[in-house]
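*Asks:*
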Amino acid sequence: MTLTDTELESLLVRGAPAPDPEAGALSATLAREIIHTDRERAAGALRRRRNRRAAIGVALAALVIAPPAAYATHRYLVQTGTFGQAELSEEDGSEWVDVCKPDLAAYLRSLPKPAMDPPPGMTWTAISDQTASRVQWQARENCAGSGERQQSTGLRSQVLWTAQDWWLDEAHTAHEAGRTKQAWEAANRFADLMDAQDRLGVNGDEQWKPYRDAARAGDFAKLDEFWLANSSYAPGGPNEGVDR
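In terms of numbering that gives the first Met the number 0, the sequence shown has 186 at position 187, counting the first letter as 1, and numbering is strictly consecutive.
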(Lines of atoms letter the chains of each structure in order from A and count residues from 1; the text may use other names and numbers.)
(Lines give C-alpha, C1' and ligand atoms only; values in the text may rest on other atoms or scores of the structure.)
Protein backbone atom coordinates (compact mmCIF):
# COMPACT_ATOMS: atom_id res chain seq x y z
CA MET A 1 0.00 0.00 0.00
CA THR A 2 1.28 3.49 -0.93
CA LEU A 3 0.38 6.44 1.31
CA THR A 4 0.23 10.03 0.12
CA ASP A 5 1.80 12.70 2.33
CA THR A 6 -1.68 13.84 3.40
CA GLU A 7 -2.75 10.31 4.35
CA LEU A 8 0.48 9.80 6.24
CA GLU A 9 0.13 12.98 8.29
CA SER A 10 -3.49 12.10 9.06
CA LEU A 11 -2.40 8.69 10.31
CA LEU A 12 0.25 10.23 12.52
CA VAL A 13 -2.20 12.73 14.01
CA ARG A 14 -4.54 9.89 15.03
CA GLY A 15 -1.66 8.07 16.75
CA ALA A 16 -0.04 8.63 20.13
CA PRO A 17 0.40 12.28 21.15
CA ALA A 18 3.78 13.83 20.51
CA PRO A 19 5.90 14.71 23.57
CA ASP A 20 6.44 18.27 22.36
CA PRO A 21 5.12 20.56 19.64
CA GLU A 22 7.90 19.71 17.20
CA ALA A 23 7.68 15.94 17.54
CA GLY A 24 4.68 15.52 15.25
CA ALA A 25 6.45 17.22 12.36
CA LEU A 26 9.59 15.22 13.06
CA SER A 27 7.60 11.98 13.05
CA ALA A 28 5.99 12.79 9.73
CA THR A 29 9.40 13.52 8.24
CA LEU A 30 10.78 10.27 9.59
CA ALA A 31 7.87 8.22 8.28
CA ARG A 32 8.28 9.70 4.79
CA GLU A 33 11.99 8.89 4.86
CA ILE A 34 11.34 5.31 5.96
CA ILE A 35 8.60 4.66 3.42
CA HIS A 36 10.82 6.19 0.75
CA THR A 37 13.62 3.85 1.84
CA ASP A 38 11.25 0.88 1.70
CA ARG A 39 10.34 1.73 -1.87
CA GLU A 40 14.02 1.87 -2.78
CA ARG A 41 14.58 -1.47 -1.08
CA ALA A 42 11.75 -2.98 -3.14
CA ALA A 43 13.56 -1.77 -6.24
CA GLY A 44 16.78 -3.40 -5.08
CA ALA A 45 18.51 -0.14 -4.16
CA LEU A 46 18.70 -0.53 -0.35
CA ARG A 47 22.21 -0.98 1.04
CA ARG A 48 22.74 -1.98 4.66
CA ARG A 49 25.72 -0.77 6.59
CA ARG A 50 26.92 -3.25 9.22
CA ASN A 51 29.37 -2.03 11.82
CA ARG A 52 30.03 -4.67 14.47
CA ARG A 53 31.30 -3.54 17.88
CA ALA A 54 32.08 -5.38 21.05
CA ALA A 55 29.36 -4.47 23.54
CA ILE A 56 25.59 -4.91 23.75
CA GLY A 57 23.77 -1.66 23.10
CA VAL A 58 26.50 -0.26 20.84
CA ALA A 59 27.02 -2.85 18.07
CA LEU A 60 25.30 -2.89 14.71
CA ALA A 61 24.77 -6.53 13.79
CA ALA A 62 22.15 -8.50 11.87
CA LEU A 63 18.97 -6.46 11.90
CA VAL A 64 15.30 -7.32 12.01
CA ILE A 65 13.41 -4.72 9.99
CA ALA A 66 9.91 -3.66 10.99
CA PRO A 67 7.21 -3.22 8.31
CA PRO A 68 6.96 0.37 7.03
CA ALA A 69 3.44 0.71 8.47
CA ALA A 70 4.92 0.39 11.97
CA TYR A 71 6.52 3.79 11.57
CA ALA A 72 3.15 5.49 11.70
CA THR A 73 3.11 4.92 15.47
CA HIS A 74 6.72 5.99 16.03
CA ARG A 75 7.04 9.39 17.62
CA TYR A 76 10.81 9.95 17.67
CA LEU A 77 13.46 10.44 15.01
CA VAL A 78 15.86 8.27 17.01
CA GLN A 79 13.69 5.19 16.38
CA THR A 80 15.03 3.14 13.48
CA GLY A 81 12.51 0.30 13.26
CA THR A 82 15.38 -2.21 13.33
CA PHE A 83 15.82 -4.66 16.16
CA GLY A 84 18.64 -6.79 17.49
CA GLN A 85 18.69 -10.55 17.34
CA ALA A 86 18.42 -12.03 20.82
CA GLU A 87 20.21 -15.22 19.84
CA LEU A 88 23.43 -13.25 19.35
CA SER A 89 25.46 -12.95 22.55
CA GLU A 90 26.08 -9.21 22.20
CA GLU A 91 22.48 -8.21 21.46
CA ASP A 92 18.95 -8.53 22.69
CA GLY A 93 15.73 -8.02 20.77
CA SER A 94 15.27 -4.33 21.56
CA GLU A 95 15.19 -1.57 18.97
CA TRP A 96 18.31 0.08 17.61
CA VAL A 97 18.28 3.79 18.41
CA ASP A 98 20.07 6.50 16.44
CA VAL A 99 21.68 8.42 19.32
CA CYS A 100 22.77 11.25 17.03
CA LYS A 101 19.22 12.52 16.48
CA PRO A 102 18.13 15.65 18.38
CA ASP A 103 15.19 14.05 20.21
CA LEU A 104 17.22 11.44 22.14
CA ALA A 105 16.36 13.03 25.50
CA ALA A 106 12.63 13.02 24.69
CA TYR A 107 12.88 9.37 23.71
CA LEU A 108 14.67 8.43 26.95
CA ARG A 109 12.00 10.25 28.94
CA SER A 110 9.36 8.08 27.25
CA LEU A 111 10.93 4.77 28.35
CA PRO A 112 9.56 2.87 31.38
CA LYS A 113 10.68 4.48 34.62
CA PRO A 114 12.53 2.39 37.23
CA ALA A 115 10.39 1.19 40.11
CA MET A 116 12.63 2.72 42.78
CA ASP A 117 12.84 6.38 43.76
CA PRO A 118 15.56 8.51 42.16
CA PRO A 119 18.36 9.99 44.29
CA PRO A 120 17.44 12.98 46.51
CA GLY A 121 16.82 16.18 44.61
CA MET A 122 16.61 14.37 41.27
CA THR A 123 13.82 13.08 39.03
CA TRP A 124 13.91 10.29 36.47
CA THR A 125 13.11 12.91 33.84
CA ALA A 126 16.20 14.94 34.78
CA ILE A 127 18.27 11.75 34.93
CA SER A 128 17.08 10.82 31.42
CA ASP A 129 18.10 14.27 30.12
CA GLN A 130 21.51 13.99 31.79
CA THR A 131 22.00 10.53 30.32
CA ALA A 132 21.10 11.72 26.82
CA SER A 133 23.63 14.55 27.07
CA ARG A 134 26.35 12.14 28.18
CA VAL A 135 25.57 9.58 25.47
CA GLN A 136 25.62 12.20 22.71
CA TRP A 137 28.82 13.75 24.04
CA GLN A 138 30.50 10.33 24.06
CA ALA A 139 29.23 9.64 20.53
CA ARG A 140 30.10 13.09 19.17
CA GLU A 141 32.92 11.90 16.87
CA ASN A 142 30.83 9.09 15.38
CA CYS A 143 27.85 11.43 15.03
CA ALA A 144 30.02 13.81 13.02
CA GLY A 145 30.88 10.93 10.71
CA SER A 146 29.10 7.66 10.04
CA GLY A 147 26.72 7.92 13.01
CA GLU A 148 26.09 5.68 15.99
CA ARG A 149 23.27 3.40 17.07
CA GLN A 150 22.70 1.83 20.45
CA GLN A 151 20.02 -0.58 21.54
CA SER A 152 17.11 0.61 23.64
CA THR A 153 17.99 -1.82 26.44
CA GLY A 154 21.50 -0.42 26.62
CA LEU A 155 20.14 3.12 26.88
CA ARG A 156 17.79 2.08 29.70
CA SER A 157 20.82 0.62 31.43
CA GLN A 158 22.65 3.92 31.10
CA VAL A 159 19.73 5.78 32.71
CA LEU A 160 20.00 3.37 35.64
CA TRP A 161 23.76 3.87 35.77
CA THR A 162 23.39 7.65 36.10
CA ALA A 163 21.45 7.10 39.34
CA GLN A 164 23.62 4.16 40.36
CA ASP A 165 26.76 6.27 40.05
CA TRP A 166 25.20 8.96 42.27
CA TRP A 167 24.38 6.44 45.02
CA LEU A 168 27.84 4.87 44.72
CA ASP A 169 29.54 8.21 45.27
CA GLU A 170 27.15 9.07 48.10
CA ALA A 171 28.02 5.79 49.84
CA HIS A 172 31.74 6.55 49.47
CA THR A 173 31.42 10.17 50.58
CA ALA A 174 29.15 9.43 53.55
CA HIS A 175 31.40 6.61 54.74
CA GLU A 176 34.48 8.83 54.51
CA ALA A 177 32.66 11.50 56.55
CA GLY A 178 31.55 9.04 59.21
CA ARG A 179 27.87 9.36 58.33
CA THR A 180 27.18 5.67 58.88
CA LYS A 181 23.40 5.66 58.41
CA GLN A 182 23.56 7.63 55.15
CA ALA A 183 26.39 5.44 53.88
CA TRP A 184 24.41 2.25 54.50
CA GLU A 185 21.30 3.72 52.86
CA ALA A 186 23.25 4.81 49.78
CA ALA A 187 25.03 1.46 49.52
CA ASN A 188 21.72 -0.40 49.58
CA ARG A 189 20.20 1.87 46.91
CA PHE A 190 23.31 1.20 44.81
CA ALA A 191 22.76 -2.55 45.29
CA ASP A 192 19.10 -2.20 44.30
CA LEU A 193 20.16 -0.63 41.02
CA MET A 194 22.70 -3.37 40.39
CA ASP A 195 19.83 -5.84 40.66
CA ALA A 196 17.77 -3.67 38.31
CA GLN A 197 20.62 -3.81 35.77
CA ASP A 198 20.62 -7.59 36.07
CA ARG A 199 16.88 -7.73 35.41
CA LEU A 200 17.51 -5.83 32.18
CA GLY A 201 19.91 -8.59 31.19
CA VAL A 202 22.90 -6.35 30.50
CA ASN A 203 25.45 -7.72 33.00
CA GLY A 204 26.51 -10.71 30.93
CA ASP A 205 28.27 -12.50 33.79
CA GLU A 206 28.34 -12.61 37.59
CA GLN A 207 31.41 -10.47 38.25
CA TRP A 208 29.16 -7.71 39.56
CA LYS A 209 27.68 -9.82 42.35
CA PRO A 210 30.57 -9.49 44.86
CA TYR A 211 30.17 -5.71 44.71
CA ARG A 212 26.40 -5.93 45.11
CA ASP A 213 26.91 -8.24 48.10
CA ALA A 214 29.58 -5.93 49.55
CA ALA A 215 27.15 -3.02 49.36
CA ARG A 216 24.48 -5.03 51.18
CA ALA A 217 26.98 -6.08 53.86
CA GLY A 218 28.46 -2.62 54.38
CA ASP A 219 31.89 -3.70 53.10
CA PHE A 220 32.99 -0.22 52.06
CA ALA A 221 36.56 -1.28 51.32
CA LYS A 222 35.27 -3.61 48.59
CA LEU A 223 32.76 -1.04 47.41
CA ASP A 224 35.52 1.56 47.11
CA GLU A 225 37.27 -0.73 44.61
CA PHE A 226 34.24 -0.42 42.36
CA TRP A 227 34.01 3.32 43.00
CA LEU A 228 37.63 3.92 42.00
CA ALA A 229 37.31 1.83 38.85
CA ASN A 230 33.91 2.97 37.63
CA SER A 231 32.51 6.11 39.22
CA SER A 232 32.52 9.36 37.27
CA TYR A 233 33.06 11.11 40.63
CA ALA A 234 36.26 9.20 41.45
CA PRO A 235 39.71 10.73 40.83
CA GLY A 236 40.23 11.15 37.09
CA GLY A 237 36.52 10.85 36.33
CA PRO A 238 34.61 13.53 34.42
CA ASN A 239 32.65 14.51 37.56
CA GLU A 240 35.61 14.58 39.96
CA GLY A 241 35.08 17.40 42.43
CA VAL A 242 31.51 18.07 41.28
CA ASP A 243 29.22 19.14 44.10
CA ARG A 244 26.25 16.84 43.76
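C-beta atoms are modelled at their ideal positions from N, C-alpha and C, and glycine is treated no differently.
Which of helix, strand or coil does DSSP assign to Q135?
*Replies:* helix
*Asks:* Quick one: Cα of R211 to Cα of G240, how far?
*Replies:* 25 Å
*Asks:* Leaving aside the five residues before and after E94 along the sequence, list all residues of the same chain whose C-beta is less than 6 Å from its C-beta, in chain order.
*Replies:* F82 and S151
*Asks:* Given a threshold of 16 other Cβ atoms within 10 Å of its Cβ, counted over all protein chains shown, does L161 qualify as buried or as exposed?
*Replies:* Correcting the residue type first, residue 161 is Thr in the shown sequence and not Leu. By the 16-neighbour rule on beta-carbons within 10 angstroms, T161 is buried.
*Asks:* Could you say if the stretch 183-201 and the stretch 162-172 meet the contact criterion of at least three C-beta pairs nearer than 8 Å?
*Replies:* yes
*Asks:* Between G203, Q206, A216 and N202, which lies nearest to R188 when the distance is taken from Cα to Cα?
*Replies:* A216
*Asks:* When the Cα of D116 is compared with those of C142, D91 and I126, which residue comes out closest?
*Replies:* I126
*Asks:* Have a look at L222 and W123 and give me their C-alpha separation to the nearest angstrom.
*Replies:* 25 Å
*Asks:* Checking 8 Å against the spacing of the C-beta atoms, do A185 and A173 come in under that value?
*Replies:* Annotated as proximal: A185 and A173, with beta-carbon spacing under 8 Å.
*Asks:* Between the stretch 200-208 and the stretch 126-143, can you find at least three pairs of beta-carbon atoms closer than 8 Å?
*Replies:* no
*Asks:* From the DSSP output, in three-state form, read off N238 for me.
*Replies:* Under the three-state reduction of DSSP output, N238 falls in the coil class, being neither helix nor strand.
*Asks:* Can you list, in chain order, the residues of its chain whose CB lies under 8 Å from that of D128, leaving out five sequence neighbours each side?
*Replies:* A104, L107 and R108
*Asks:* By the three-class DSSP mapping on this structure, what secondary structure does Q206 have?
*Replies:* coil
*Asks:* So, with DSSP's three-state summary, where would you put V77?
*Replies:* coil
*Asks:* A233 and W226 look like a contact to me (Cβ under 8 Å); what is the Cβ gap, rounded to whole Å?
*Replies:* The Cβ separation is near 6 Å, so the contact holds.
*Asks:* Just the C-alpha distance for L159 and Q196, rounded to the nearest angstrom, thanks.
*Replies:* 7 Å
*Asks:* My assumption, with CB atoms under 8 Å, is that K100 sits in contact with V77. Please give the rounded CB distance.
*Replies:* 4 Å
*Asks:* The alpha helix (DSSP H) with R198 in it runs from where to where?
*Replies:* T179 to L199
*Asks:* Tell me, to the nearest whole angstrom, how far the beta carbon of V98 is from that of E147; I am working on the premise that it is less than 8 Å.
*Replies:* 5 Å
*Asks:* Reducing DSSP to helix, strand and coil, say where Q84 ends up.
*Replies:* Reduced to three states, the DSSP call for Q84 is coil.
*Asks:* Which value, in whole angstroms, describes the spacing of the CA atoms of Q157 and T130?
*Replies:* 7 Å
*Asks:* Give me the Cα-Cα distance between P119 and N238, rounded to the nearest whole angstrom.
*Replies:* Each residue's Cα considered, the two are about 18 Å apart.
*Asks:* So, helix, strand or coil for E147, using DSSP?
*Replies:* Correct three-state label for E147: coil.
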